[in-house]
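Peer 1: Sharing a structure below in structure tokens format, with a few things to ask.
Protein chains: 2
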Amino acid sequence: MGVKERRDRQKNSLRKEILDAARDLFASQGYENVTMRKVAEKIEYSPTTIYLHFQDKADLMRSICEETFDRLSRKLEKILQSPGDPVECLKRGLRAYVDFGLEYPQHYRVTFMTPHDVDPDDVLVAGSAGLKAFSILQQGVADCIRAGKFPNVDVASASQALWATAHGITSLLISHASFPWVSREKLINLMVDSMLQGMAA
Amino acid sequence: MGVKERRDRQKNSLRKEILDAARDLFASQGYENVTMRKVAEKIEYSPTTIYLHFQDKADLMRSICEETFDRLSRKLEKILQSPGDPVECLKRGLRAYVDFGLEYPQHYRVTFMTPHDVDPDDVLVAGSAGLKAFSILQQGVADCIRAGKFPNVDVASASQALWATAHGITSLLISHASFPWVSREKLINLMVDSMLQGMAA
DNA sequence: GGGTATACTTAACACTGTTAAGTAGAAGCG
DNA sequence: CGCTTCTACTTAACAGTGTTAAGTATACCC
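From first to last, the protein sequence lines are chains A and B.
All residue numbers for the first sequence refer to our numbering, where the first residue is 1 and numbers rise by one.
All residue numbers for the second sequence refer to our numbering, where the first residue is 1001 and numbers rise by one.
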């Protein structure tokens, strides 16, 4: 019964084609400026074919964001589980977070800069890819606390504050790219260092 | 020649009616979910009438955001020019910034969480209302530096870092409202205090 | 009162995401 | 082989969007 398998393979390969085309378009033109018809034209199928593989436009974008954010999660895991001072690891993790956001601004925008929870059902589903990355950061914070590096703060507060810090600079650099920022390096260092120092106090 | 004046008055009053209707709708339903036809229906005019007073939908929203952010600017001016420790003033200013964003999430979203500068011409125009508020904060930072409170940091770096800090928590609370945040109070205090402490070090 | 400017509306365009209905062809089965 | 059924896909259409061009009634000016 290899027939069904071949069919599945074909179906999957078209799904991948759609994802590839959409990823390109979303990254270069932004979610709102990409139409289903544009994606369809790029893969040389009719627009409705996409709906055989994805529920709607948002679902298509979500799939792509999940892929991309999985890469961030893996990178963060590697960084935060590396040996050495946990605070130093955390610092490197936060930097990696910002770098990632700036490397995939469109994905970051859709995942973290767009309101997500009108529907209280899919709260967990909606930003799940992004929230997984956060939970890894949180684990890094927990390591620091366990090592006695952050007295007087709890895991939740500290990790949320550090997330908001990294998100603040990431999202502002994305939304106001042509603002006369000081050196990105300097800014990130100042923020991350100050915040980590605040946790350590 | 009071005729033209009366006409102007009438024209202005319709403009105000449009602004009032649109402000309501934008605040309650969000920019994307408000259509020109909805605004028109609310003021009981035809949709095209709006275009006699505003260039397009974005222009309408921009006018409203400018109004709203002007109120923030005035509030920040009052806070930052009040007597006492400039660092304490700055802290209160940052808190006011976050509170403002949470009070007008839709306005904040459009002004600060949406990319603005595809067109390099209207960089200054686009987020002008919001950027004015930033420049007032920057002045507060300058006061702190002048008072010798922030050694080892320059005005630009410090104010940008503090802006990003306030923006980080504001925008995350807006975009992920149903995330299990720790107490808002606690979070803002932790972030602002840590960052200010970092500047003071 | 006749001509002109003003304020507004109606109709339409080009486009969007999405769905319902239709079609060619392969698969399954006698 | 021949018939039916299922699968992958397309065509046509819907309801809606922001926006513009063309038309209309009314108030103003002389």
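Beta carbons: idealized from backbone N, C-alpha and C, even for Gly.
1. Indicate whether at least one CB of chain B lies closer than 8 Å to the CB of A:L19.
2. Is the distance from the Cβ of A:G168 to the Cβ of B:G1168 below 8 Å?
3. Taking only runs of the alpha helix (DSSP H) that begin and end inside the segment 131-188 of chain A, which ones reach a length of at least 4 residues, in chain order?
4. Give a yes or no on contact between the segment 90-99 of chain A and the segment 1090-1105 of chain B, applying the rule of three or more CB pairs nearer than 8 Å.
5. Which chain B residues are close to A:G140, counting only those with a beta carbon under 9 Å from its beta carbon?
6. Does the beta carbon of A:S194 come closer than 8 Å to any beta carbon on chain B?
7. Comparing C-alpha positions only, which one of A:T35, A:Q29, A:A40, A:G30 sits nearest to A:R15?
8. Could you give the DSSP three-state label for A:G101: helix, strand or coil?
9. Is the beta carbon of B:E1088 within less than 7 Å of some heavy atom of the ligand GTP?
10. Which value, in whole angstroms, describes the spacing of the CA atoms of B:V1034 and A:N12?
11. Within the 8 Å Cβ cut-off, does A:G198 reach chain B?
12. Anyone know if the C-beta pair for A:I64 and A:L19 falls short of 8 Å?
13. Is the CB of B:L1029 under 8 Å away from at least one CB in chain A?
14. Quick check on the DSSP output: the alpha helix (DSSP H) that includes B:V1039 runs from which residue to which?
15. Count the other CB atoms within 10 Å of the CB of B:S1028; is the residue buried (16 or more) or exposed (fewer)?
16. Please list, in chain order, the chain A residues whose beta carbon lies closer than 7 Å to that of B:D1182.
17. Kindly list the residues whose CB is nearer than 7 Å to the CB of A:K38, restricted to its own chain and excluding five residues on each side of it in sequence; keep chain order.
18. How about A:V153 and A:Q138: are their beta carbons less than 8 Å apart?
19. Could you tell me whether the Cβ of B:I1169 comes closer than 8 Å to any Cβ of chain A?
20. Does the CB of A:S73 have a neighbour CB from chain B at under 8 Å?
21. Count Cβ pairs between the segment 131-150 of chain A and the segment 161-175 of chain A that sit closer than 8 Å; are there 3 or more?
22. With 16 as the cutoff for other CB atoms within 10 Å, does B:G1198 come out buried or exposed?
23. From what residue to what residue does the alpha helix (DSSP H) around A:P47 run?
24. Quick one: which residues of the segment 34-57 of chain A get their C-beta closer than 7 Å to a C-beta of chain B? List them in chain order.
25. Sorted by chain position, which residues of the same chain lie with C-beta nearer than 6 Å to B:L1060's C-beta, five sequence neighbours on each side aside?
26. Within a Cβ cutoff of 6 Å, which residues of the same chain sit near B:S1171, ignoring the five residues on either side of it in sequence?
27. With respect to the alpha helix (DSSP H) encompassing B:E1032, which residues constitute its N-terminal and C-terminal limits?
28. Shortest alpha-carbon distance to B:S1178 belongs to which of A:G84, A:M191, A:L131, A:Q106?
29. Measure from the C-beta of A:H107 to each C-beta in chain B and report whether the shortest distance is under 8 Å.
30. Short of 7 Å in beta carbon distance, which residues of its chain neighbour B:S1159, apart from the five on each side in sequence? Order them along the chain.
31. Please report how far the alpha carbon of B:R1146 lies from the alpha carbon of A:F134, in whole angstroms.
32. What residues of chain A sit near B:I1174, judged by a beta carbon separation below 8 Å?
33. Going by alpha carbons, who is nearest to B:Y1031 out of B:D1070, B:T1111, B:R1074?
34. So which residues of chain A does B:K1186 contact, with C-beta pairs closer than 8 Å?
35. If the cut is a Cβ gap below 8 Å, which residues of chain A does B:L1190 touch?
Peer 2: Here's the rundown:
1. Not one chain B Cβ lies under 8 Å of A:L19.
2. yes
3. 155-175
4. These segments do not touch.
5. Residues of chain B passing the Cβ test: none, with the nearest at roughly 17 Å.
6. yes
7. A:A40
8. Judged by DSSP in its simplified three-state form, A:G101 adopts helix.
9. Judged by which ligands are present, the structure shown has none, so any question about the ligand GTP falls away.
10. One C-alpha to the other measures close to 38 Å.
11. Interface residue, yes.
12. yes
13. The question names Leu, yet the displayed sequence has Gln at residue 1029 of chain B. Not closer than 8 Å to any Cβ of chain A, the Cβ of B:Q1029 fails to qualify, so no.
14. 1036-1043
15. exposed
16. Note on identity: in this sequence residue 1182 of chain B is Val, with Asp being the wrong assignment. Going along chain A in sequence order, the residues near B:V1182 (Cβ under 7 Å) are A156, S157, Q160.
17. Closer than 7 Å at Cβ, skipping near neighbours: L25.
18. no
19. yes
20. no
21. The segment 131-150 of chain A is in contact with the segment 161-175 of chain A.
22. buried
23. Counting along the chain, A:P47 sits inside the alpha helix (DSSP H) bounded by residues 47-50.
24. none
25. Apart from sequence neighbours up to five positions away, the residues of its chain that approach B:L1060 with a beta-carbon distance below 6 Å are A1022, F1054, ordered along the chain.
26. M1113
27. That residue, B:E1032, is in no alpha helix (DSSP H); it is neither H nor E in DSSP.
28. A:L131
29. no
30. These residues qualify, in order along the chain: L1137, Q1138, V1141.
31. 38 Å
32. P115
33. B:T1111
34. S157
35. Going along chain A in sequence order, the residues near B:L1190 (Cβ under 8 Å) are V153, S157, A158, A161, G198.
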